[in-house]
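Let me begin by presenting the structure, written as structure tokens, before commenting on it.
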Amino acid sequence: MCGDIGTTSRVCAAYSFTGILFTLYVGVLLSVQPEFITGIEDVSEARSNAFGAMGMFLATFGLSVLGIFRTPSNEKKDIDTAEGYQLSGVSQAEYGSSRYD
């Protein structure tokens, strides 16, 4: 599935974008209404950690975008096919006609 750098970069970019949105949400929630997140002893440290994680996701997203743009888009794999390969034995004249005529 992830055999080349372009595909891997696309997967990492999607994951990083989701992480950016989530950590931004958590960071803003800790800044504006920290009482909605229970069990946190030091809110300022949690806010700092959330925005620090967002920075890491931003760095990963940036590297992923770089990987996407550095992968040549015209890179195509050659498919080995036999000479004269056809999907079925039906000739063009018979194609579309009913078998039951």
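Take the sequence shown: its letter number 41 is residue 150 in the numbering used here, and every next letter is one higher. Note that beta-carbon positions come from the ideal geometry of N, C-alpha and C, so glycine has one too. Since we're looking at a predicted model, the values are computed, not measured.
Residues near residue i in its chain [Cβ-Cβ closer than 7 angstroms; skip 5 each side]
i, result
"Val-135", "Ala-159"
"Phe-126", "Phe-170"
"Leu-139", "Ile-146, Val-152, Ala-155, Arg-156, Ala-159"
Residue i, DSSP secondary structure in three states
i, result
"Gly-148", "coil"
"Pro-143", "helix"
"Gly-136", "helix"
"Tyr-169", "According to the sequence as given, residue 169 is Thr; it is not Tyr. Reduced to three states, the DSSP call for Thr-169 is helix."
"Gly-112", "coil"
Neighbourhood of residue i by C-beta distance below 6 angstroms, restricted to the same chain and skipping five residues each side
i, result
"Gly-176", "Ile-114, Ser-118"
"Gly-128", "Phe-166"
"Ile-149", "Ala-155"
Spatial neighbours of residue i in its chain, beta-carbon cut-off 8 angstroms, leaving aside the 5 residues before and after
i, result
"Arg-179", "Ile-114"
"Thr-132", "Ala-159, Phe-160, Ala-162, Met-163, Phe-166"
Distance CB(residue i)-CB(residue j) smaller than 9 angstroms
i, j, result
"Val-174", "Ala-122", "yes"
Neighbour flag for residue i against chain C, beta carbons, 9 angstroms
i, result
"Ala-155", "Checking the listed chains, one finds no chain C in this structure; it contains a single protein chain."
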